[in-house]
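Asker: Numbering (the working numbering), first residue to last: 25 to 774. Glycine included, each C-beta is placed from N, C-alpha and C at the ideal position. Can you read through this structure? Questions will come right after.
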Amino acid sequence: MAAPLGKRKSLCARRGSGAAYEGAGSAMQARELRWETLEALRASSKGRLKYFRHSDKDEDILEGCISPLTLTSYAGWVLDRMTASSAQAAVPSSSAPGGAAPHTDPTAQESSASACEGPAKPSAAARSEAKGSSDPGVLEVNQEVLPIPPVSKMAKVEGCIQMYEEIYRMKGRLCLCFLLVDSGATLWCFWHLCILQERLRQRQEQQEQLVRAAYDMAREQLKRFDEMKELKRRQEIQELREVMEKSLKETQGQQEKLKEEHRHRAKILNLKLREAEQQRQRQEEQERLRREEGQERLRRLYSIQEELLQLNQQIDPNYKHKDLPKIDLSAYSNRGNQICGLVSGLIRTTSERGFPSQTDVANTEQALKEMRGLISRMQQEIAAAVEEKKRRDEQEKKQKQEELLKKQQAEAQTPAPAQPSGGKQQKEALSVKAREGTMKWYQQLQDAAAQCAAAFSAMSSSKDSEVRKIRMELQKAVTIPVSQISTIAGSQLRQIFDKLNNLLSGKPVQSVGETVLVTQLPQGLDFVYYKLAEKFVKQGEEEVASHRESAFPIALVISGIWEMHPRVGDLFLAHLHRVCPYSVPFYPAYKEGASMEEYQRMLGYLVQDSKMEEEDHFLKRMSGLIRLYAALIQLRWPYGNKQGTHPHGLSYGWCWLAQMLNMEPLVVVTATLLYDFLEVCGNALMKHYHVQFWKLLLLMQEEYIPRIEAITNVGQKASLTRFKQFLEESLQKKDIPLPKGFLQPSFWRS
25 MAAPLGKRKS LCARRGSGAA YEGAGSAMQA RELRWETLEA LRASSKGRLK
75 YFRHSDKDED ILEGCISPLT LTSYAGWVLD RMTASSAQAA VPSSSAPGGA
125 APHTDPTAQE SSASACEGPA KPSAAARSEA KGSSDPGVLE VNQEVLPIPP
175 VSKMAKVEGC IQMYEEIYRM KGRLCLCFLL VDSGATLWCF WHLCILQERL
225 RQRQEQQEQL VRAAYDMARE QLKRFDEMKE LKRRQEIQEL REVMEKSLKE
275 TQGQQEKLKE EHRHRAKILN LKLREAEQQR QRQEEQERLR REEGQERLRR
325 LYSIQEELLQ LNQQIDPNYK HKDLPKIDLS AYSNRGNQIC GLVSGLIRTT
375 SERGFPSQTD VANTEQALKE MRGLISRMQQ EIAAAVEEKK RRDEQEKKQK
425 QEELLKKQQA EAQTPAPAQP SGGKQQKEAL SVKAREGTMK WYQQLQDAAA
475 QCAAAFSAMS SSKDSEVRKI RMELQKAVTI PVSQISTIAG SQLRQIFDKL
525 NNLLSGKPVQ SVGETVLVTQ LPQGLDFVYY KLAEKFVKQG EEEVASHRES
575 AFPIALVISG IWEMHPRVGD LFLAHLHRVC PYSVPFYPAY KEGASMEEYQ
625 RMLGYLVQDS KMEEEDHFLK RMSGLIRLYA ALIQLRWPYG NKQGTHPHGL
675 SYGWCWLAQM LNMEPLVVVT ATLLYDFLEV CGNALMKHYH VQFWKLLLLM
725 QEEYIPRIEA ITNVGQKASL TRFKQFLEES LQKKDIPLPK GFLQPSFWRS
């Protein structure tokens, strides 16, 4: 086997040397064959595939590297064509005939394998690292940088071509060896080729293992990298969460602190508000108590005033008992009037101020106590005078008995001569010159008043305690508001009017803490009408007589009530004419059979226990009544029906004045009443009647005053002088000023 084998090797060497000579000529052919090979490869189905250098869809790149290498059907044809050109260079390089294949450079195989593996796609780890890195040629694995050389499509193809050329070159060498050597040599070459293929397979397996190891390592590193990134992300999230929780806790702490401060401030404010509310409630309670106490004190003052007036009526300054000629009650009357005036002034002052104080109540109670003491002393004086009279009567009786005994003794001794007796009786009577129509009107008013009094006479004489209580409450509901009329404020005057109007209209009103209603009794309305008219006249006798300015507010209330309730006006005139007949006007005549007391009462004098009031007191009362009447005819309630006429206007005043001038004057009375009437109502009559009024004044001055002078004594000329002076000034100035106390429009805004 050795000899033939040596022969074959020498033969191959000779052929190889011959082929070397032919290599230069066939270099061009080899190059053309390469291009033909390239054209064949390009025309194959593999060559028509499209390769993407940078493909995003690289999930199966590592699978191509791991799969075993396979040769196409064109590999034999390429190897056969390349054998002829490379056989010459391959033979000299081998030192033995069978050493071509065994001494093949393993680096060529590695390069072939790497060239074959070169076109394979990168692994998934390399792909993921390449995507995450900014440089596509650098791979970070456990902080190691692995450079990845850029491989182009042409380079990959060129590598495959060189590998295929090398394989065909080796095949050509093998075929040449097979031709030169015998069958043993052929087996040896086949065995060597098998070894080479086994090495290639082992090398391929090693490469596959390396690729798998690299793939596994890259995948593990990618996994570690992802875990590291996830850890960092979680740490960052945890840190951010901790920072947020810390800031949230701080914010919650600040909020809790602010809430606590807010609660503290709210608590302080609530305490302050509660204290302020309690203070306000205490002040309101104190104000309510003060108002209630003030109202109670005011009611106490009114009750004291009413009791004082009732006690004062018990004092008659003109009381002259026929059996007690030395009794003079004028001092008691003057003091009683002073006490009543002081209390009235005190009530008026306290009403202006608001509510009376405890001192005012104490003063009025002291005045009431003094009035009671005054009445007690007066009664004691009267009782003492009665006792003195009894004693004197007994003494006189004894003296008369003694004188009678002496006369009887004297008559028994000497008879007494007859004595003529004679006497002159004088009767004086006043003539009434009023017109028949006026007297008829006067009588109608008196009859209406009598009928009204008869309507509630059963109620007045009732013994039922409940009826008597209601009657007293109704009387207080009338008398107390009328007693409160003053010139303090228009609002207060309107309240008094509303109270009286509501009472007369059947509405419930409050009086001395009780609710009063006229419908509580069947004759309650007649009783209230009568008592109200009587109280108005009483105010003229007492209040207007003492305070002349009070005539205007009282007249305003009368006018408003008269307009709303005409029956009250008729009853007022009836009471006024009965108390003051000069307001009709007429002079009552003396009737045969009537006593002197009855006649004095008809003239308007107050007579009590056969004692007539003094002239000054009588003129003062008449003056107050005429002033009230003069104020009434010119005033009208401003809140009534302005379209209607005055219920008793200036025309009645003009008729009264004309009738007074057509009647015989009375001493002092006529001059006093004319002066009071013109002083109060002269300005209104002047504006309404103009020239006719001045003619009437001139008639008074020229004709009527001389008639008054003719009947006036020297000691009675005071009122006449005052009246003459008033007429002279009025005619000289051609004007009569507004009366003192006249209510201006500003009064109703107070």
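Using DSSP with H/G/I as helix, E/B as strand and the rest coil, what is residue 538?
Answerer: Strand, per DSSP.
Asker: Is there at least one Cβ from chain C nearer than 8 Å to residue 769's Cβ?
Answerer: Absence of chain C from the displayed structure is noted, only one protein chain being present.
Asker: Would you tell me roughly how many angstroms separate the C-alpha atoms of residue 273 and residue 309, rounded to the nearest one?
Answerer: Each residue's alpha carbon lies about 52 Å from the other.
Asker: Would you mind stating whether residue 517 and residue 581 have Cβ atoms separated by less than 8 Å?
Answerer: Going by C-beta atoms, residue 517 is nearer than 8 Å to residue 581.
Asker: Taking all protein chains shown into account, decide if residue 129 is buried (16 or more other Cβ within 10 angstroms of its Cβ) or exposed.
Answerer: At residue 129, the pLDDT of 42 sits below 50, so the modelled position is not reliable and the matter cannot be decided from this model.
Asker: With a threshold of 7 Å on Cβ separation, who are the neighbours of residue 710 within its own chain once the five nearest residues in sequence on each side are excluded?
Answerer: Once the five neighbours on either side are set aside, the close Cβ partners of residue 710 are 717, 760.
Asker: Tell me which residues share the same chain as residue 321 and place their Cβ nearer than 8 Å to its Cβ, disregarding the 5 neighbours each side in the sequence.
Answerer: Once the five neighbours on either side are set aside, the close Cβ partners of residue 321 are 379, 380, 381, 382, 384, 385.
Asker: Where does the unbroken alpha helix (DSSP H) through residue 767 begin, and where does it stop?
Answerer: Where residue 767 is concerned, there is no enclosing alpha helix (DSSP H), given that its DSSP letter is neither H nor E.
Asker: Determine the direct distance from the alpha carbon of residue 417 to that of residue 527, and round the result to whole angstroms.
Answerer: Each residue's alpha carbon lies about 56 Å from the other.
Asker: So, are the CB atoms of residue 549 and residue 542 less than 8 Å apart?
Answerer: Yes. Within cutoff.
Asker: Is the CB-CB distance between residue 502 and residue 556 below 8 Å?
Answerer: Closer than 8 Å, so yes.
Asker: Quick check: residue 652 and residue 696, are their CB atoms within less than 8 Å of each other?
Answerer: No, they are not a contact pair.
Asker: Taking contact to mean 3 or more Cβ pairs, one atom from each stretch, closer than 8 Å, check whether the region 700-710 and the region 750-770 are in contact.
Answerer: Yes, the region 700-710 touches the region 750-770.
Asker: What are the boundary residues of the alpha helix (DSSP H) that includes residue 677?
Answerer: 674-685 is the span of the alpha helix (DSSP H), which, as asked, contains residue 677.
Asker: When DSSP labels each residue in this structure, what does residue 551 get in the three-state scheme?
Answerer: Correct three-state label for residue 551: helix.
Asker: Looking only at its own chain, which residues have a Cβ that is under 8 Å from the Cβ of residue 860, when we skip the five neighbours before and after it?
Answerer: Coverage of the chain is limited to positions 25 through 774, which leaves residue 860 absent and any answer about it impossible.
Asker: Buried or exposed for residue 440, going by 16 or more other Cβ atoms inside 10 Å?
Answerer: Only weak support is given to the placement of residue 440: the predicted model assigns it a pLDDT of 35, under 50, and the value that follows is read from those uncertain coordinates. Residue 440 should be labelled exposed.
Asker: Can you tell me where the alpha helix (DSSP H) holding residue 693 begins and where it ends?
Answerer: It spans 693-713 - the alpha helix (DSSP H) in which residue 693 sits, taken as one unbroken run.
Asker: Can you look up residue 506 in the DSSP assignment and give me helix, strand or coil?
Answerer: The answer is helix: DSSP assigns residue 506 an H, G or I state.
Asker: Is it buried or exposed for residue 253, if we count other Cβ within 10 angstroms and need 16 for buried?
Answerer: By the 10 Å Cβ count, residue 253 comes out exposed.
Asker: Around the Cβ of residue 523, are there at least 16 other Cβ atoms within 10 angstroms (buried) or fewer (exposed)?
Answerer: Answer is buried; the Cβ neighbour count reaches 16.
Asker: Between residue 227 and residue 268, what straight-line distance do the alpha-carbon atoms span, to the nearest angstrom?
Answerer: So the alpha carbons of these two residues sit roughly 59 Å apart.
Asker: What's the call for residue 559, buried or exposed, on a 16-neighbour Cβ count within 10 Å?
Answerer: Buried.
Asker: Please classify residue 632: does DSSP put it in a helix, a strand, or coil?
Answerer: DSSP places residue 632 in strand when its eight states are reduced to three.
Asker: Just the Cα atoms here: how many angstroms apart are residue 414 and residue 313?
Answerer: Computed Cα separation, rounded: 58 Å.
Asker: Whole-angstrom Cβ separation of residue 744 and residue 736, contact assumed at under 8 Å?
Answerer: Yes, they are in contact, since the Cβ atoms of residue 744 and residue 736 sit about 5 Å apart, within 8 Å.
Asker: For residue 533, list the residues DSSP reports as bridge partners.
Answerer: Paired residue(s): 540.
Asker: Could you give the DSSP three-state label for residue 488: helix, strand or coil?
Answerer: DSSP places residue 488 in coil when its eight states are reduced to three.
Asker: If you pair each beta-carbon of the region 583-592 with each one of the region 626-641, do three or more pairs fall below 8 Å?
Answerer: Short answer: they don't touch.
Asker: Where residue 734 and residue 726 are concerned, what is the direct C-alpha to C-alpha distance, given to the nearest angstrom?
Answerer: Roughly 13 Å separates the two Cα atoms.
Asker: Along the chain, where does the alpha helix (DSSP H) that runs through residue 519 open and close?
Answerer: Where residue 519 is concerned, the enclosing alpha helix (DSSP H) stretches over 514-528.
Asker: The alpha helix (DSSP H) with residue 603 in it runs from where to where?
Answerer: Here the alpha helix (DSSP H) through residue 603 covers 590-603.
Asker: Which residue comes first and which comes last in the alpha helix (DSSP H) that contains residue 642?
Answerer: Taken as a continuous stretch (DSSP letters only), the alpha helix (DSSP H) holding residue 642 covers 639-658.
Asker: Along the alpha helix (DSSP H) that carries residue 731, what are the first and last residues, could you check?
Answerer: Run containing residue 731: 729-735, per the alpha helix (DSSP H) assignment.
Asker: Considering only the alpha carbon of each residue, which of 603, 406, 661 lies closest to residue 646?
Answerer: Selected option, being the one with the closest Cα: 603.
Asker: Considering only their Cβ atoms, is the gap separating residue 328 from residue 356 smaller than 8 Å?
Answerer: Against a cut-off of 8 Å, the Cβ pair of residue 328 and residue 356 comes out as no contact.
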